[in-house]
Ligand code: CA
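Numbering (the working numbering), first residue to last: 2 to 225.
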């Protein structure tokens, strides 16, 4: 169930949206001013934010920018009565995903929410790694190297996915064991090394200073 945060100071609009979203099987959170909205965005990590621009406390534009500056990629749909704000808020600096001008139909709003959520999920499910020659499609459980599919075992796939999701960070063997094999797994760190070796062979990436997987001595592995 998707969680949607409505940040809107006009209670009648907020309640109308909330009522309709709940009827459409969304989980709804509500904030009535900008600061509360920011705080809830960070704490609750909603799947999508509906953001009014004219808000007490902190206006919608500043809130949007603050979230993006913090690296948040939560999709945001702007709700506004003023057309002139749209270009700015949809621009790179603020990075909203869509907008609705008031008054809007709730039916249309729900259609937009579905579209934005779908787009956001596609972005997460398909990751393009390393200049496009290695692609991991998480939804289809498929790894392509130079346009050719690489057959990986489940663990190899999860291992590669975990390294890719943490690109640039060193993953210790313990961490990889936890993430790929599960916390209850009682295996040895060597298990990780063995699977990394298989994975590297399949990716044609067998050196320690690999293109896709690097060995960080005494620590673990990372995808550069
Ligand atoms: Ca308002």
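Where is the CB? At the ideal position from N, CA and C, for every residue including glycine.
{"query": "Sufficient close CB pairs (3 or more, under 8 Å) joining the segment 195–204 to the segment 159–178", "result": "yes"}
{"query": "Residue 16 CB to nearest heavy atom of ligand 1 below 7 Å", "result": "no"}
{"query": "Sheet register partners of residue 8 (DSSP bridge)", "result": "32, 52"}
{"query": "Cβ neighbours of residue 25 in the same chain (closer than 8 Å, five flanking residues each side left out)", "result": "111"}
{"query": "Backbone CA spacing between residue 206 and residue 153 [nearest angstrom]", "result": "14 Å"}
{"query": "Any non-hydrogen atom of ligand 1 closer than 7 Å to residue 229 Cβ", "result": "This structure leaves residue 229 out entirely; the chain is present only between 2 and 225."}
{"query": "Cross-strand partners of residue 216 (DSSP beta bridge)", "result": "222"}
{"query": "Beta-bridge partners of residue 149, as assigned by DSSP", "result": "146"}
{"query": "Cβ-based neighbour list, residue 15, same chain, cut-off 6 Å, excluding 5 preceding and 5 following", "result": "7, 9, 31"}
{"query": "Whether residue 137 touches residue 171 by CB criterion (8 Å)", "result": "no"}
{"query": "Residue 66 to residue 95 span [Cα, whole Å]", "result": "5 Å"}
{"query": "Any non-hydrogen atom of ligand 1 closer than 7 Å to residue 164 Cβ", "result": "no"}
{"query": "Member of 22, 49, 108 whose CA lies at the smallest distance from the CA of residue 68", "result": "49"}
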